[in-house]
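>
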Amino acid sequence: MLRGARERRESRGAHFRTDFEDASEEWHRNLLYERSFDGMELTTKTPDEPSAEVQDALDAGYELDYHQLE
Amino acid sequence: MTSNRSIGDNPTVDGGDSDSDSGVEYETVETPVLVIGAGAAGARTAISLAENGVSPLVIGKRDHGDAHTTWAAGGINAALGSRDPEDSPAIHAADTLNEGHMLNDPAGVETVTEVMPDRIRELEDWGTPFNATDEGAVEQRYFGAQSFRRTCFVGDRTGEAMLETLIGRAQELEVPYRENVQVTKLLSDGERVYGALGYDMNDGSFLLFRAGAVVLAAGGYSAVYDRHSSRDEENNGDGPALAYDAGARLMDAEFVQFHPTGMVAERYGERWEGRLVTEAVRGEGGRLFNADGERFMERYSPEQMELDARDVVARAIAREIAEGRGTENGGVYLDISHRDRSFIEERLPSMYARFADLGVDLAAESVEVAPTAHYSMGGVEIDFETGKTGVENLYAVGETTAGIHGANRLGGNSLAETVALGKIVGDHLAERSFADRPVLPASQQRLAREHFADLDAMAGEGSEVPEELLGELGDLLESHAGILRAEKAVVRVRGRCRLLADGRRSRAPGGPRAP
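Protein chains in written order, with my numbering: chain U, 1 to 70; chain H, 1 to 515.
1) Identify whether Asn408(H) lies in helix, strand or coil by the three-state DSSP scheme.
2) Per DSSP, which one or two residues make a beta bridge with Asp19(U)?
3) What residues from chain H crowd round Asp19(U), counting only those whose CB sits closer than 9 Å?
4) Report the partner residues of Lys388(H) according to the DSSP bridge assignment.
5) Kindly list, in the order they appear in chain U, the residues whose Cβ is closer than 8 Å to that of Gly100(H).
6) Tell me the start and end of each unbroken beta strand (DSSP E) in the stretch 268 to 348 of chain H that is at least 3 residues and wholly inside, in chain order.
7) Expressed to the nearest angstrom, what Euclidean distance is found between the alpha-carbon atoms of Glu135(H) and Phe206(H)?
8) Mind checking whether Glu10(U) and Asp19(U) have CB atoms under 8 Å apart?
9) Report the three-state DSSP secondary structure of Asp84(H) (helix, strand or coil).
10) Distance check for Gly411(H) and Gly331(H), CA to CA, integer angstroms please.
11) Any beta-carbon of chain H closer than 8 Å to the one on Asp38(U)?
12) Near Glu381(H), what residues of its chain come up, given a Cβ to Cβ distance below 8 Å and the 5 sequence neighbours on each side ignored?
13) Name the residues in the stretch 76 to 98 of chain H whose C-beta lies less than 8 Å from a C-beta of chain U; which are they?
14) Please name the residue, chosen from Val281(H), Phe148(H), Arg267(H), Leu307(H), that lies closest to Leu80(H) on a Cα-to-Cα basis.
15) For Arg6(U), collect the residues of the same chain with a Cβ closer than 8 Å to its Cβ; drop the 5 residues on either side in sequence, then sort them by chain order.
16) So, under 8 Å CB-CB, Gly198(H) and Val181(H) are touching, yes? Tell me the CB distance rounded to an integer number of Å.
17) Which residues mark the beginning and the end of the alpha helix (DSSP H) in which Arg77(U) is found?
18) Just to make sure I have the definition right: I need the residues of chain U whose C-beta is within less than 9 Å of the C-beta of Met251(H). Which are they?
19) Output, in chain order, the set of chain U residues within a Cβ distance shorter than 8 Å of Glu381(H).
20) Can you list, in chain order, the residues of the stretch 232 to 247 of chain H whose Cβ is nearer than 8 Å to any Cβ on chain U?
21) In terms of DSSP beta bridges, what is Cys152(H) paired with?
22) Is the beta carbon of Ala213(H) closer than 8 Å to that of Arg44(H)?
23) Using 8 Å as the limit for Cβ to Cβ distance, is Asn413(H) near chain U?
24) Report the rounded CA-to-CA distance for Ala94(H) versus Gly37(H), giving the unit in angstroms.
25) Can you tell me where the alpha helix (DSSP H) holding Tyr244(H) begins and where it ends?
26) Might you give, ordered along the chain, the residues of its own chain that have their beta carbon closer than 8 Å to the beta carbon of Leu97(H), omitting 5 neighbours on each side?
27) Any chance the stretch 343 to 358 of chain H sits against the stretch 299 to 310 of chain H, with 3 or more Cβ pairs inside 8 Å?
28) Compute the Euclidean distance between the alpha carbons of Arg498(H) and Met1(U), then round it to the nearest angstrom.
29) Got a sec: is the Cβ-Cβ distance from Phe258(H) to anything in chain U below 8 Å?
30) In the stretch 437 to 494 of chain H, which residue ranges form an unbroken alpha helix (DSSP H) of at least 4 residues, counting only runs that do not cross its ends?
31) Along the alpha helix (DSSP H) that carries Asp59(U), what are the first and last residues, could you check?
32) Quick one: which chain U residues come within Cβ less than 7 Å of Val491(H)?
33) Report yes or no: is there a C-beta of chain H within less than 8 Å of the C-beta of Glu53(U)?
34) So which residues of chain H does Asp48(U) contact, with C-beta pairs closer than 9 Å?
35) Pull up the distance between the alpha-carbon of His374(H) and that of Arg150(H), whole angstroms please.
36) Would Glu63(U) count as contacting chain H if we go by Cβ distances under 8 Å?
And the structure:
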């Protein structure tokens, strides 16, 4: 957790860095944590693209009207 | 699940034996599939196995039927379209990806959203008393950041009702269950898992589980923070830690969701530290004030105010407290006293009753709240078609895993994930044959004996009190790697954690294994 919190030099979702307050396109990546002979090893990977159907739904920009919240 | 039944009584589980050649005695339990964790994810996995003729053994840390799932109040998402027919699994997936800031595994998300309507109908068939519309369809309500009314619910006790249903179904299928077991290590050579080691929390005796496959359904890690919304012995990272130790990869561990409004111990007592004041209090008009009496959300989110996304409100509260505008108990005020008493009693019955028991009248005064660690998005990296981790015979499901929620979880998706993936993992495992399990390799037998000897050495008198070490770790994480983080603070806390860990190695923690 601490390694990741340090490594991710951006703010995204629940992770907020007071020294990097904005999201960075470069960090559109997942951090992976694996045990190795030298201790914990961190690598990154880029998430897959959504399917065409879900991409269409994303592009349609549906959103909640907050004032309807119960 | 069959409670209070010793494993030896069950014909589907090979009888145990004991081994004392190393000087440390332990009981051996054989099972085709060991499911670690007895919440919704573990129960749903076990149901699929049992329905397909494989009898797994489910083990849990608590009394049967009392897993953390019961604390999930809000609801469970499925694009049924009871209220909004234009909703669809694809839009549910899009909402999930948006809230996860596009770090989610998109195929995994789609798998969950596609099967959820079936999972809800199945739960209904098995007896979950979902609230219904006048036409008899499953009722659905709005929830933060969802485009349509999609969240199914059973009053404000959805998780509890769902777990009752799942356990009832597992009992019908006579799924063997053993309670009060703490697992401390998986039997693994880094490439393949053979079982698990642990102890009985009642009497402290050691247990070796020999299994064809192990499913980790042991929850998340939000409770490593000092202020958290789980009970103390839940969600303390067992699942991801066991997997990591066994050689599996973890992902997204830096993402922890903080709920904006947890109760403040300094005001309401330790027992209530971090427990949730439901989002509905804000939904019904509750306002947040700092110690100066300022409605500070006006500065952070003038449009949406108290109803902005969880992470936005949680950060705003954390900033107010960090910058010295919090209460002397370390919180801010949440006030709904401008509403009529009858309205509060009708719309927020459980909150009204809880605070009344504490001598606080919600209709007349404000309550003190602060953000609380609530859910861990990160965890074990898995294949969403099977639940496989990178280690042979090791599977994971539920909050223990990473990938469905990305950088932030959409409300109502945690319960959805448990049943959607539980069935998938159980069905996959049921296709495997567990007929011939080779004998446990000598290296694994040695690993077991060494581990039990270590546990035994730790259980004696020591110079450290485990609760104090955990408390110090929780404080450090919270103040330096909580809602607001910065490079310097994170580096400092890592250094301090290393000192804590080194100290632990040289000075054995004291205290008994069993309470």
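Using N, Cα and C, we set each Cβ at its ideal position, and we do this for glycine too.
On the basis of the data shown:
1) Note: Asn408(H) maps to coil in three-state DSSP.
2) Paired residues: none, contrary to the question.
3) What Asp19(U) touches in chain H, judged by beta-carbon distance under 9 Å, is Arg485, Ala486, Glu487, Lys488, going in chain order.
4) In the DSSP output, where bridge partners are listed per residue, Lys388(H) has Tyr395(H).
5) What Gly100(H) touches in chain U: Gly13.
6) Within the stretch 268 to 348 of chain H, the complete beta strand (DSSP E) runs of at least 3 residues are 287 to 289, 332 to 335.
7) If I take the Cα positions, the gap works out to 54 Å.
8) Between Glu10(U) and Asp19(U), the gap from beta carbon to beta carbon reaches 8 Å or more.
9) DSSP places Asp84(H) in coil when its eight states are reduced to three.
10) In this structure, the CA atom of Gly331(H) is about 24 Å from the CA atom of Gly411(H).
11) No, Asp38(U) does not count as interfacial toward chain H.
12) So the list reads Ala248, Arg249, Leu250, Met251, Thr389, Gly390, Thr401, Ala402, Gly403, once near-sequence residues are dropped.
13) The residues in question are Ser88, Ala90, Ile91, Ala93, Ala94, Asp95, Leu97, Asn98.
14) The shortest Cα separation from Leu80(H) among Val281(H), Phe148(H), Arg267(H), Leu307(H) belongs to Phe148(H).
15) Answer for Arg6(U): no residue qualifies.
16) Contact between Gly198(H) and Val181(H) holds: their C-beta atoms lie close to 6 Å from each other, under 8 Å.
17) It is not possible to answer for residue 77(U), since the shown part of chain U is limited to 1 through 70.
18) For Met251(H), the C-beta contacts it makes with chain U under 9 Å involve Asn30, Leu31, Leu32, Tyr33, Lys45, in order along the chain.
19) Using a Cβ-Cβ cut-off of 8 Å, Glu381(H) is close to Leu32 of chain U, given in chain order.
20) Across the stretch 232 to 247 of chain H, CB contacts with chain U closer than 8 Å involve Tyr244, Asp245, Gly247, in sequence order along the chain.
21) Assignment of beta-bridge partners to Cys152(H) by DSSP yields Ile76(H), Gln140(H).
22) Result no, Cβ atoms of Arg44(H) and Ala213(H) do not sit closer than 8 Å.
23) No, Asn413(H) does not count as interfacial toward chain U.
24) Cα atoms of Ala94(H) and Gly37(H): separation of roughly 30 Å, rounded to the nearest angstrom.
25) Tyr244(H): member of the alpha helix (DSSP H) spanning 238 to 245, first to last residue.
26) Contacts found: Asn104, Pro106, Val109, Gly406.
27) Below 8 Å, too few C-beta pairs join the stretch 343 to 358 of chain H and the stretch 299 to 310 of chain H to call them touching: fewer than three.
28) In this structure, the straight-line span from the alpha carbon of Arg498(H) to that of Met1(U) is close to 14 Å.
29) Closer than 8 Å: yes.
30) Whole alpha helix (DSSP H) segments, 4+ residues: 442 to 458, 466 to 481.
31) Looking at the DSSP string, the run of the alpha helix (DSSP H) that includes Asp59(U) is 52 to 60.
32) Using a Cβ-Cβ cut-off of 7 Å, Val491(H) is close to Arg6 of chain U, given in chain order.
33) At a cut-off of 8 Å between C-beta atoms, Glu53(U) counts as an interface residue with respect to chain H.
34) Within chain H, the residues near Asp48(U) are Asp105, Pro106, Ala107.
35) Rounded to whole angstroms, His374(H) to Arg150(H) spans 22 Å at the Cα level.
36) At a cut-off of 8 Å, the C-beta of Glu63(U) has a neighbouring C-beta in chain H.
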